[in-house]
Structure formats: C-alpha cells, structure tokens
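Take a look at the structure set out below.
2 protein chains.
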Amino acid sequence: MVFQLTSRQREILDLLVADYIASAAPVGSRTIAKCYPGRLSPASIRNVMSDLTDMGLLAQPHISAGRIPTTEGMRYYAETLLKRRELTEDECTIIRQHCDGDEQGISAVLQRTTRMLAAVSHYAGLVLTPGPQRVLFKQIEFIRLGSRRLLGIFVSQDGLVQNRLIELTEEMTFTELERIANYCNRSLTGLTLDEAREKIERELADERADYDRILRRAMVYSQQVLGDVPAGDLVFDGELQLLDVPEFHEAETFRRLIEALEEKRRLSDVLARCSEAEGVQIFIGADAELEQLDAVAMVGAPYMRDGNVIGVLGVIGPARMDYSHVVPIVDFTAKVIGDALDS
Amino acid sequence: MVFQLTSRQREILDLLVADYIASAAPVGSRTIAKCYPGRLSPASIRNVMSDLTDMGLLAQPHISAGRIPTTEGMRYYAETLLKRRELTEDECTIIRQHCDGDEQGISAVLQRTTRMLAAVSHYAGLVLTPGPQRVLFKQIEFIRLGSRRLLGIFVSQDGLVQNRLIELTEEMTFTELERIANYCNRSLTGLTLDEAREKIERELADERADYDRILRRAMVYSQQVLGDVPAGDLVFDGELQLLDVPEFHEAETFRRLIEALEEKRRLSDVLARCSEAEGVQIFIGADAELEQLDAVAMVGAPYMRDGNVIGVLGVIGPARMDYSHVVPIVDFTAKVIGDALDS
DNA sequence: TTTGGCACTCCAATGTGCAGTGTGCCAACG
DNA sequence: CGTTGGCACACTGCACATTGGAGTGCCAAA
Chain H
1 MVFQLTSRQR EILDLLVADY IASAAPVGSR TIAKCYPGRL SPASIRNVMS
51 DLTDMGLLAQ PHISAGRIPT TEGMRYYAET LLKRRELTED ECTIIRQHCD
101 GDEQGISAVL QRTTRMLAAV SHYAGLVLTP GPQRVLFKQI EFIRLGSRRL
151 LGIFVSQDGL VQNRLIELTE EMTFTELERI ANYCNRSLTG LTLDEAREKI
201 ERELADERAD YDRILRRAMV YSQQVLGDVP AGDLVFDGEL QLLDVPEFHE
251 AETFRRLIEA LEEKRRLSDV LARCSEAEGV QIFIGADAEL EQLDAVAMVG
301 APYMRDGNVI GVLGVIGPAR MDYSHVVPIV DFTAKVIGDA LDS
Chain S
344 MVFQLTSRQR EILDLLVADY IASAAPVGSR TIAKCYPGRL SPASIRNVMS
394 DLTDMGLLAQ PHISAGRIPT TEGMRYYAET LLKRRELTED ECTIIRQHCD
444 GDEQGISAVL QRTTRMLAAV SHYAGLVLTP GPQRVLFKQI EFIRLGSRRL
494 LGIFVSQDGL VQNRLIELTE EMTFTELERI ANYCNRSLTG LTLDEAREKI
544 ERELADERAD YDRILRRAMV YSQQVLGDVP AGDLVFDGEL QLLDVPEFHE
594 AETFRRLIEA LEEKRRLSDV LARCSEAEGV QIFIGADAEL EQLDAVAMVG
644 APYMRDGNVI GVLGVIGPAR MDYSHVVPIV DFTAKVIGDA LDS
C-alpha cells in the first residue's frame, strides 16, 4: 500500500514514532505539541492524528489514550522517514575488530560477528551462514584413526571445516585412502556443496561406475562427510538482552519469541527474501510471516564474498527498535564482513 | 551441622517438603494433618513445626503464613529423607537411546546427553566435558590447504576432534608435513592433553632441540592446535524450561540465573567438588557458592571412562526440585554414559 | 484553517472491606 | 505430660468503589 501524506502529516508521524520508540508508551497530542517545531496547538495535532488513524498508520489502545503506530505505520516510518545516525569512530572500530577474520575460518568469524551485533545493538544478533548453494568445495581428506575407523574432513573455500567419523566395514590401506581423496578432490573441486552432492548421487546411481570398488567407496565416504555439513545454519546471540525490552518482559512472551526463533525453517524464508534484495532490509511484524510476533522486527542485510551474496546477517528486536542506530550498524557490518571474506 | 530429630519431626518435615515441592506454596498445619498417617491434630503438628522452625529447618514468609523449608531444611531432606523413585522402563529406554554413541565422537554424544537430561527432567541439563587432565592424546595430522596454509587436526582417544587453521611463514613440502606429524604422534601418544602441552613447552624451551628446524616447527604447530581444544567445557541445554518454574518466572530472576550459569568459572569449582565424590551429589543454594542463587539447586554425578572420572553431568533447577525423580535420572545417565564411553 | 474550551472516556493508583488461611497460646482432657 | 479444641490475632488476596490524570472528539469562535 502506498500512502500520500502531506508534509505536516509526515512530520507528526515522524515525531510520534520517535517518541514512541523512546518511551514505549502511547503518545498524546500535547506531547507532540511540545516538541513540534512549527508551534501547532494540540488541537490541530489531534486532527492530523485522527487522519493518520483513519489511514491505518496509527492506532489507539483504547478510546481515550494516546496513539501508537501500527505495524503499517512503523513500516512507513522505516521506509520513508527514517534518518540514519552516523556511526561513531568507536563503533566502527569495534565492528571492524570483531569481524576481522583472524584466519580461523568463516564459522569462527561469523560466530564472533553475531556476538558483536548483539553487543553493539543491545538486541539479539543473528547470522545466516552460507547455504549449500553457496559453499564452495575445496578439499576433502581422510585420516586413518584405526584399522577400521576414518576421519573424513571437508574444507570449504572460506575455511569452513567439517569432520565426521566413518566406521569401515573393511580395512583400507594408506595408499587406497590417498587414491580416494585424490579422486574426490579432482572431481569435486570448484563445485558448490549442492552440486557436489548431486554429482555424488549421480555417480552412485550410475552402474558403470561400479567397475572400481575404491572409487565407489570414495563417493560413499564423501557423501557421508558432505551430508553432515550444517550449511545454511542460523546463529543467534544475545537473546537474553531481549528480556530487558519491556515488550518481552513477561516470561510467556519471551518464551514464545525464542521458540519462534528456534523454529529456524520459517525464519530462513524471510532471510532468503532478504538475501535477494540489496542493502539493509527491515521486516516488521506480520511482514515477517512470523505469526504472533507482531511486536518483533528484524533488520537484516546480505553479505557477500567476491560480489556474490552468500548469507545474511542482522538484528532481531522489538518493532519499536531504534532503527536509526541499528540500520547503520547492520549495514556497516555486512560491508566489513564482505571485505574480510573477499579473497 | 548435624540435626538430631525425633521420628515424628522427621516424618512431618518429610511431608512438608514433599507438599512444598508439589505446590511451591507455604504449607500449613492443617494440610499436613490431612495426610498424616498417625492422625495427629493440626495443633500438635503446629508444635512440631514450631520446633523445626527454631532449629532453622523451616521458615515463615510472614508471621501468619504456612511454613516453607529453609535451604538447611532442604539439604536435610535431600540427605536423609529422600526416597528415590524407580525409573520406568520408558525412561530407561529414552536415556539409553540418547546416550548411545553412534560413533560420532564424544562431543556429539555429550551434547545429545545434555539435551536428553533437560527433556527428561524438565529442568536445565548440563554436562562438563573432560578437562585437559582427562583428554588423552591420540593423533595429530596436518593437511595442506594451500601453499602457505595448514589445517591442523587433533583427535583424542574418545573421538574428540579439534581443528585449527595455521598460517605458514614459509612453504612446507608434503614429506616435511608427514615427518612433522609422525614426530608429534610418536612423542605425544598416550599423554593427557595437559602433559602433552607441558612436554611441548619443555621441548621448545630446550635449546638443543634447535638442531632440527622441522622438529621445532612440529612443536610450534601442535602447540597451536592443542591450545585451541576447548577442554573442560560446560554444555547447557533446556534453560528455557526454567521459565516454567514459578521461582524464575520473573524476567529479572531468570536473567540473573542464566548469567550466573554463563559465568562458568565458578560453577566449575562446584562441579570439581562433585567429581571428587562418588555417585550423585546434591547442591542446594549457598551450598553451591553461587551467591544470590539460593532458590537454585544442582543434582550432579561424575561419569567415568575405564574406571576414571572424566567429567560431570547433571541437572539444574529450583531448590524445590522433584529430587526423587531427578536423582535416579542423573545417576542412571552417568552410568549409561560411562558404559558407552568405555573402550 | 487554527485554536481554546468543554464534556466525556478510560486507565491506573489508592483505599476499604471481607473472606480465607494460618499461627500462637491457653486451658482442658486422658 | 503430651495432646487437643478453641479463640484471638495476623496477614494475604480479592473485589469493589473512588479519584486524579491524561487524552480524545467536537464545537464554536478567531
């Protein structure tokens, strides 16, 4: 829905939302009048507020209370009125420090980023790690742990490491293992995880490949290793900080929120939508297709490696979030992460 | 402190605590009288309760309310009066299923165990993984990721796998790497992690070892890999279930609890005490040296491998916990885990 | 179009009364 | 002497009424 608002309506909506974000309480006409630059009387402001209510941008909790923005109103605010605050030097430094990959692989970097997002925003931080379409196969190796045990190790191009124990039905010599690893590496290098899995499927289905018992093993083992890679995982941190937010003070509300977040499947859909867009996106309430979570909002941005979107990061908090603060944080973090990951 | 109670006093304390555990509310004399086998009048029971109050085993929230057990009273109950419930067949099966190592290494098993403990007890489950004195070195390997990058992989005897990326200052050939790995494995096998680290320290300090540049590298690299092993880590699960407990309903209380749990250092001390004892231990309130956590209790038991205690597992919940249920769960789980880990 | 005034609505805080539950003490009982 | 019933008293929790404050909507005047 597109709204055509007069400049006065916009101004008042802006002031009202700003006040609501700070106070979490319904805002009355007098409050607005006090800080209105044009010195309008409360009565005039009431008229405007009444119009905005009719349009569905504001609502009253009860007949004689102040107004609070509806989800629609918040969205209009976020899309049209929001003024970004500049980040301080300190904040930039903190973000850069935490995202700086100290060469310990992408998952460690992303984990630290999640924590940093939570700390800087004071809400919950989240990061969606690259999905199987994005993870690039680099190398697979097999280490003998005993006569009948293997450790399979997968390394992605960004340093994601995954290992899996494999129980053998028959012994394998060192040279056989070497041959297996070589074969896998030769035929899978450069593929995405999805493509690699598919290729393995095909080779296993292909009867002719049966001619070499060893190569067949190679496929079976790498299938096991690759099957375990938790690609597209959703990492959270700082959920506890949401307890400080009045909206989630009550045990039951907080619990429902956390449980909804745990249900990662659905959240992933939202994040997928986010990764198609460019730059920061704001999802508010029902927008996010998270039923019963209309008090919740998410600020997310895709992050890239070498020009391709590979994941999403962001912040989850109350719909009444301090967007002017959070948006630049998320935006900047996504950029920094991208730079850190670029090869 | 040792209390000498008459059998009547014991009986009444038992009934009172049992009722309090079920109701979470102060218990009056009439309530006790109703289910008292010897058919005493409320007045007589009041006398006994008054005595128990003087002894510090019971307390009154206010002058004319029922009694609730003090921490001291709970401890007496746990140590002297507690009758274990037998586990049902179902519960045994569930526990066995979840502890059954499907050969994916000790950390996966312990993680699943934590979750299971939380699910079965309806409180928070916790597991302290083996510390550096307990983890046995089995193998270390180095994989070339590029001309100047290594992946170091450490495998413990129980299948704990740890990997670390290592940035090289100069190239290494495949054979050099092989020599390094062989040297490490030869000199460290069978040691505990602590011993291995110490030995590496010593060799590095020893100037004579300088005669071989390669062997010196071996020590430096393995030091990096072993340094990363998160030994003695504390794993939690099901904290959210504590929100259902009336004691932790309020945001602030719950928050403090979780924060105290996160402060793992102090908790580890308690767990260390637990691992020195044999069988299930119950820590209630200040007992646990966790200030401001007098409403909290922990039921813990050490678990063993091949006869040696290597870690602790247990349940954290309200002091008013259903011990008769939780104690056998923790006890049985520790035994099952021990069996699963025995080689 | 803007403004001040006024009646009206509703919430939140406060006070009051009352029923319920529990204690402590005492005198009586076996 | 331990046990019991009775009684005065204490405190909570709930329902209910009262009040002050904040806010709206509408209207008439500027």
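These protein sequence lines are chains H and S, in that order.
Residues 1 to 343 (my numbering) are what the first sequence spells out, left to right.
Residues 344 to 686 (my numbering) are what the second sequence spells out, left to right.
Backbone N, C-alpha and C fix where the C-beta goes; we use that ideal spot for every residue, glycine too.
Beta-carbon separation (whole angstroms), residue i vs residue j, contact threshold 8 Å
{"i": "residue 100 of chain H", "j": "residue 340 of chain H", "result": "6 Å"}
{"i": "residue 155 of chain H", "j": "residue 494 of chain S", "result": "6 Å"}
{"i": "residue 579 of chain S", "j": "residue 457 of chain S", "result": "7 Å"}
{"i": "residue 331 of chain H", "j": "residue 301 of chain H", "result": "6 Å"}
{"i": "residue 475 of chain S", "j": "residue 537 of chain S", "result": "5 Å"}
{"i": "residue 404 of chain S", "j": "residue 360 of chain S", "result": "Not a contact, Cβ separation roughly 16 Å."}
{"i": "residue 337 of chain H", "j": "residue 87 of chain H", "result": "Going by Cβ atoms, the distance from residue 337 of chain H to residue 87 of chain H rounds to 15 Å, so no, they are not a contact pair."}
{"i": "residue 240 of chain H", "j": "residue 601 of chain S", "result": "6 Å"}
{"i": "residue 594 of chain S", "j": "residue 249 of chain H", "result": "5 Å"}
{"i": "residue 471 of chain S", "j": "residue 614 of chain S", "result": "5 Å"}
For residue i: DSSP bridge partner residues
{"i": "residue 576 of chain S", "result": "None, per the DSSP bridge assignment."}
{"i": "residue 510 of chain S", "result": "S/492"}
{"i": "residue 401 of chain S", "result": "S/412"}
{"i": "residue 13 of chain H", "result": "Answer is none; residue 13 of chain H lacks a bridge partner."}
{"i": "residue 505 of chain S", "result": "S/497"}
{"i": "residue 192 of chain H", "result": "H/136"}
{"i": "residue 469 of chain S", "result": "S/579, S/657"}
{"i": "residue 142 of chain H", "result": "H/152"}
{"i": "residue 370 of chain S", "result": "S/410"}
{"i": "residue 624 of chain S", "result": "S/643"}
Neighbour flag for residue i against chain H, beta carbons, 8 Å
{"i": "residue 448 of chain S", "result": "yes"}
{"i": "residue 506 of chain S", "result": "yes"}
{"i": "residue 567 of chain S", "result": "no"}
{"i": "residue 484 of chain S", "result": "yes"}
{"i": "residue 452 of chain S", "result": "no"}
{"i": "residue 497 of chain S", "result": "no"}
{"i": "residue 597 of chain S", "result": "yes"}
{"i": "residue 494 of chain S", "result": "yes"}
{"i": "residue 594 of chain S", "result": "yes"}
Interface flag, residue i vs chain S, CB-CB below 8 Å
{"i": "residue 159 of chain H", "result": "yes"}
{"i": "residue 119 of chain H", "result": "no"}
{"i": "residue 218 of chain H", "result": "no"}
{"i": "residue 145 of chain H", "result": "yes"}
{"i": "residue 258 of chain H", "result": "yes"}
* In chain order, what residues of the region 124-137 of chain H put their CB closer than 9 Å to some CB of chain S? -> none
* To do: Output, in sequence order along the chain, the residues in the region 278-312 of chain H whose CB is closer than 9 Å to any CB in chain S.
  => none
* Please list the segments of the alpha helix (DSSP H) lying wholly inside the region 626-686 of chain S, counting only runs of 4 or more residues, in order along the chain. => 666-684
* To do: With 9 Å as the C-beta to C-beta threshold (strictly closer), list the residues of the region 567-591 of chain S near chain H in chain order.
  => 571, 583, 586, 587, 591
* **Residues within the region 173-206 of chain H neighbouring chain S, beta-carbon criterion of under 9 Å** => none
* Asked: Which parts of the region 423-462 of chain S are runs of the alpha helix (DSSP H), unbroken and 4 residues or longer, counting only runs that do not cross its ends?
  -> Fully contained in the region 423-462 of chain S are the following alpha helix (DSSP H) runs of length 4 or more, in chain order: 432-442.
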